[in-house]
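Number of protein chains: 2
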Amino acid sequence: MASLLEGQARPIRLADIARAAGVSHGTASNVFSRPEIVRAEVRERVKAVAEQMGYAGPDPKGRLLRAGKVNAIGVATTEPLSYFFDDPFARVMMAGISEACDATGAGIALVSAANQEKLAWNIQSALVDGFILFCIEGGSRLVDLTRERKLPFVALELGFQDETVSAIGVDNVAGARLAARHLAELGHRRFAVLSLAFADNRTGFATPEIVRGALYTGTRDRLAGYFEELARFGVDTTKIPVYETENEEKSTRAGLEAIFARDEPPTAILAMSDRMALIAIDWLKARGLKVPQDVSIVGFDGVPDGALCSPALTTIAQPITEIGRRAARMILDHDGAVRRETMGVELIVRASTGPARKG
Amino acid sequence: MASLLEGQARPIRLADIARAAGVSHGTASNVFSRPEIVRAEVRERVKAVAEQMGYAGPDPKGRLLRAGKVNAIGVATTEPLSYFFDDPFARVMMAGISEACDATGAGIALVSAANQEKLAWNIQSALVDGFILFCIEGGSRLVDLTRERKLPFVALELGFQDETVSAIGVDNVAGARLAARHLAELGHRRFAVLSLAFADNRTGFATPEIVRGALYTGTRDRLAGYFEELARFGVDTTKIPVYETENEEKSTRAGLEAIFARDEPPTAILAMSDRMALIAIDWLKARGLKVPQDVSIVGFDGVPDGALCSPALTTIAQPITEIGRRAARMILDHDGAVRRETMGVELIVRASTGPARKG
DNA sequence: CATTTTTGTTGGATCGATTCAAATTTTCGC
DNA sequence: GCGAAAATTTGAATCGATCCAACAAAAATG
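First to last, the sequence lines map onto chains V and Z.
The first sequence begins at 284 in the working numbering and counts up by one.
The second sequence begins at 284 in the working numbering and counts up by one.
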């Protein structure tokens with residue numbers, strides 16, 4: 284009976300406590316938020332009344348409106364929510380973000396959605412002080428949506444020409460050059476590139492026009508880095524097949540099929556992500572090709588999985604955790620300025636690269 | 284100059300728009316939340332004014348207070364935030380939770396904290412409609428803290444005697460029996476148990492008193508399951524060493540050292556988590572012991588990593604994703620009732636178990 | 001004991017929206 | 001052109017707290 288009534292009764296508010304305890308709501312509020320300025324006797328009485336009435340404590344919803352600050356940052360992506368827990372790159376990034384948030388006591392709200400409309404709504408209605416955007420597929424839409432909200436935000440991967448957007452990324456050109464030089468120095472001369480997208484929703488071999496019209500400058504820069512360095516070694520880069528994938532299993536395998544169906548298959552693969560590189564290793568092994576004896580592969584990102592697989596992946600490591608930490612701090616101590624940071628990368632040589640086969 | 288002033292000006296409110304457009308707040312509100320009931324002409328005018336004044340859309344903070352519902356669930360743990368992205372079990376669970384949230388458009392807020400005080404505060408102030416609690420170390424404190432908040436919550440792992448708490452877990456006794464029977468049927472007679480905690484903050488061999496006074500009944504049930512089944516095979520369970528770990532590297536290794544330092548080392552290890560089982564495989568391999576030829580191991584949980592390691596782990600698989608989905612739905616369509624669900628488990632035989640060595 | 005200082009308490013204003021009954025305007029049938 | 005019905009718009013009330021200027025009471029000072 285009691286529980287039935289209880290279920291219907293609306294929750295107890297601070298004002299109810301104040302009335303019951305015979306103090307003003309101002310004092311009641313102080314009991315909870317600044318207990319030290321309330322006389323001990325009054326404080327105890329109010330607390331006792333609250334306890335007895337089953338008060339849950341000041342409702343954050345009310346406090347929030349007054350305070351104006353949520354003390355949480357939103358991390359958004361166009362991928363489904365599970366992306367945050369599945370993707371190795373995202374996970375390391377989240378570790379960095381978590382660290383910065385843990386340190387200041389800020390919360391993390393994951394924002395995503397099954398479709399465009401819902402994504403827009405979720406971004407509009409997320410209770411956060413700012414956003415960190417995982418700009419993968421559809422990054423530009425994500426930025427547009429977030430801009431509407433008029434809250435501070437940082438784009439991860441500065442693959443945007445748009446200089447008015449705060450972003451943190453890595454030196455893609457330098458990283459790509461490191462990868463290319465490493466392979467060239469091992470004697471490789473026949474290459475293929477597993478590329479990230481130059482624009483949304485496309486896979487297949489990328490023509491020079493596509494590259495020139497790249498929406499994602501990060502992809503463009505990596506390719507430019509590869510080509511610049513290979514050209515220095517006398518490689519004719521116009522002959523290098525560049526296959527655009529969606530950075531997942533299916534399109535990457537399709538790309539490998541297409542690349543190895545051509546005359547003169549490559550002895551070395553430049554992959555723009557570790558994800559693709561790891562898929563490629565799998566694919567090659569299944570095809571009976573030895574890595575690195577038959578084909579060498581260099582990845583990009585430096586996710587932990589790369590060290591564990593067999594053969595361990597040679598890659599261009601980004602300081603992923605540090606990027607995450609900085610992104611979070613950018614939001615947490617936001618000062619209104621647009622910041623664009625470029626982090627250095629590092630070549631990590633492991634077992635997936637070796638000398639080019641003679642002939 | 285303009286941007287300087289803009290920076291200081293407080294954000295535009297709906298009321299500002301209403302005034303500027305010459306309509307009431309009610310109408311202005313409708314333009315954004317129920318556009319179809321506003322006359323087209325008025326709607327466009329208000330929208331134009333909003334656009335021109337740089338209005339960011341209705342502030343969720345305001346809406347929230349009125350609506351009362353946040354449309355987000357909090358997932359809390361006593362571990363640091365990075366736990367959600369690192370721990371394999373947590374990750375699979377989060378995938379299930381994400382799925383259910385994605386389906387209804389609900390958000391996820393991760394709640395955790397470096398220390399007790401902050402954890403309490405973060406739980407008190409999390410903007411959520413309910414909580415899912417990862418009850419690992421310190422689960423009972425977490426439940427107490429959350430109860431204060433008087434919001435619906437579900438405890439994962441029903442390791443609580445407390446029947447007033449909603450919880451989802453697995454049939455620990457049945458699972459443990461499956462594991463024990465599998466090993467016994469392979470001829471094993473000398474066992475050791477790598478146990479989860481019976482109460483907070485303790486590691487080392489567990490005495491019968493400790494087991495009897497278990498705070499975590501999940502741990503107790505698993506042990507009971509092991510023992511019941513082994514007893515059926517004539518094993519003297521009083522001689523089985525049970526080592527309590529914190530389910531991480533250090534204490535698990537310490538446990539293995541202690542177990543293998545005894546006379547008559549075990550030929551089979553029953554691990555209460557895959558995490559410990561995987562650490563054990565590593566430890567044994569490093570020690571020159573072959574798995575499963577010298578020592579067989581059965582884990583518990585069924586995390587994906589178990590299938591990938593070498594040798595692949597035989598384990599008791601929980602329907603982790605499904606548990607996550609159900610937990611999320613329990614909060615999302617909460618009806619005020621306390622629910623306790625027990626899910627079935629499944630023995631997955633892989634390569635880490637084999638026949639007992641003769642003699 | 002009168003006066004200042006310190007300490008505590010009060011209640012109105014505010015945060016930014018949504019809701020709904022009542023008032024107003026439009027539309028429509030005849 | 002009139003009255004009824006339908007479509008819009010209004011404005012006060014509400015959500016649940018915090019903040020702060022003004023006031024009251026108690027303590028310290030001369």
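Ideal Cβ positions, reconstructed from N, Cα and C, are used throughout, including at glycine.
Model, not experiment: these values are computed from the prediction.
By Cβ distance below 7 Å, which residues in the same chain neighbour residue i in space, the five residues on each side in sequence not counted?
i	result
Ile523 (chain V)	Phe474, Ala475, Val476
Val494 (chain Z)	Phe481, Arg503, Leu506
Ala303 (chain V)	Val332, Met336
Leu567 (chain Z)	Val574, Val578
Mark residue i as exposed unless 16 or more other C-beta atoms lie within 10 angstroms of its C-beta, in which case mark it buried.
i	result
Glu446 (chain Z)	exposed
Glu512 (chain V)	buried
Gly351 (chain Z)	exposed
Ala397 (chain V)	exposed
Ile320 (chain V)	exposed
Arg349 (chain V)	exposed
Glu324 (chain V)	exposed
Ser316 (chain V)	exposed
Ala497 (chain V)	buried
Gly305 (chain Z)	exposed
Arg432 (chain Z)	buried
Arg570 (chain Z)	exposed
Gly390 (chain Z)	buried
Gly517 (chain V)	exposed
Thr429 (chain V)	buried
Glu468 (chain V)	exposed
Asp385 (chain Z)	buried
Pro638 (chain V)	exposed
Asp519 (chain Z)	exposed
Candidates the options: which alpha carbon is nearest residue i's?
i	options	result
Gly582 (chain Z)	Z:Ser381, Z:Thr387, Z:Val628, Z:Glu440	Z:Val628
Leu466 (chain V)	V:Val621, V:Phe417, V:Arg503, V:Gln576	V:Gln576
Tyr366 (chain Z)	V:Glu327, V:Tyr366, V:Pro363, V:Arg374	V:Arg374
Ile406 (chain V)	V:Leu364, V:Leu572, V:Leu439, V:Ala359	V:Ala359
Asp483 (chain Z)	Z:Ala463, Z:Asn530, Z:Asp454, Z:Gly517	Z:Asn530
Ser312 (chain Z)	Z:Gly305, Z:Leu297, Z:Arg322	Z:Leu297
Glu527 (chain Z)	Z:Lys568, Z:Trp566, Z:Ile562, Z:Leu479	Z:Leu479
Arg460 (chain Z)	Z:Met555, Z:Ser534, Z:Gly413	Z:Met555
Pro548 (chain V)	V:His471, V:Ala610, V:Cys384	V:His471
Cys592 (chain V)	V:Arg612, V:Glu605, V:Ala563, V:Ile542	V:Ala563
Thr521 (chain Z)	Z:Leu425, Z:Glu492, Z:Gly538	Z:Glu492
Asp557 (chain Z)	Z:Ala537, Z:Arg545, Z:Pro587, Z:Phe543	Z:Pro587
Kindly list the residues whose CB is nearer than 6 Å to the CB of residue i, restricted to its own chain and excluding five residues on each side of it in sequence; keep chain order.
i	result
Ala600 (chain Z)	Gly585, Glu629, Ile631
Gly458 (chain V)	Ile599, Val628
Gly607 (chain Z)	Met376, Gly379, Ile380
Asp427 (chain Z)	none
Ile295 (chain Z)	Met336, Tyr338
Ala463 (chain Z)	Tyr509, Glu512, Leu513
Ser635 (chain V)	Val574, Pro575, Ile580, Pro594, Leu596, Thr597
Ala590 (chain V)	none
Ser449 (chain Z)	Val437, Val621, Arg622
Glu289 (chain V)	Note on Glu289 (chain V): pLDDT 45, under 50, position unreliable in the model; no value is reported.
Ile603 (chain V)	Val375, Met376
Thr535 (chain Z)	Thr528, Met559, Ile562
Arg609 (chain V)	Ile451
Suppose the cutoff is 8 Å on Cβ atoms and the five residues either side in sequence are ignored; what does the same chain contact list for residue i look like?
i	result
Asp299 (chain V)	Met336, Tyr338
Arg640 (chain V)	Thr550, Gln576, Asp577
3-residue-minimum beta strand (DSSP E) runs that sit fully inside the segment 285 to 352 of chain Z, ordered along the chain: Counting whole runs of 3 or more residues, the segment 285 to 352 of chain Z contains no beta strand (DSSP E) stretch at all.
Interface positions of the segment 376 to 400 of chain V facing chain Z (Cβ-Cβ less than 8 Å), listed along the chain: Cβ contacts with chain Z come from Met377, Ala378, Ser381, Glu382, Cys384, Asp385, Ala386, Gly388, Gly390, Ile391, Ala392, Leu393, Val394, Ser395, Ala396, Ala397.
4 or more residues per run - each alpha helix (DSSP H) lying fully within the segment 591 to 633 of chain Z: List check, alpha helix (DSSP H) in window: 603 to 615.
Those runs of the alpha helix (DSSP H) which lie wholly inside the segment 458 to 515 of chain V and span at least 4 residues: With a minimum length of 4 residues, the continuous alpha helix (DSSP H) runs that stay inside the segment 458 to 515 of chain V are 491 to 495, 500 to 515.
Chain Z contacts made by the segment 339 to 352 of chain V, where a contact means CB separation under 7 Å: Against chain Z - using a Cβ distance shorter than 7 Å - the residues of the segment 339 to 352 of chain V are Ala339, Gly340, Pro343, Lys344, Gly345, Leu347, Leu348.
Where the segment 352 to 374 of chain V meets chain Z: residues whose CB sits under 9 Å from a CB there: Against chain Z - using a Cβ distance shorter than 9 Å - the residues of the segment 352 to 374 of chain V are Val353, Asn354, Ala355, Gly357, Pro363, Leu364, Ser365, Tyr366, Phe367, Phe368, Asp369, Ala373, Arg374.
Entirely enclosed beta strand (DSSP E) segments - the segment 544 to 595 of chain Z, minimum 3 residues: Correct list: 551 to 554, 579 to 584.
Residues in the segment 424 to 456 of chain V having any Cβ partner in chain Z nearer than 9 Å: Hits within the stretch, in order: Glu431, Arg432, Lys433, Leu434.
Interface positions of the segment 311 to 332 of chain V facing chain Z (Cβ-Cβ less than 9 Å), listed along the chain: Those would be none; no residue qualifies.
Contact residues within the segment 596 to 620 of chain Z, judged by C-beta distance below 8 Å to chain V: Residues are counted here when their Cβ sits less than 8 Å from a Cβ of chain V; for the segment 596 to 620 of chain Z these are Gly619, given in chain order.
Contained alpha helix (DSSP H) runs [length at least 4] in the segment 417 to 449 of chain Z, N- to C-terminal order: You should have 422 to 432.
Chain V contacts from the segment 407 to 422 of chain Z (Cβ-Cβ distance under 7 Å): From the segment 407 to 422 of chain Z, only Gln407, Ser408, Ala409, Leu410 have a Cβ closer than 7 Å to chain V.
Contiguous alpha helix (DSSP H) assignments of at least 4 residues, all confined to the segment 355 to 382 of chain Z: DSSP runs (the alpha helix (DSSP H)) wholly in the segment 355 to 382 of chain Z: 366 to 369.
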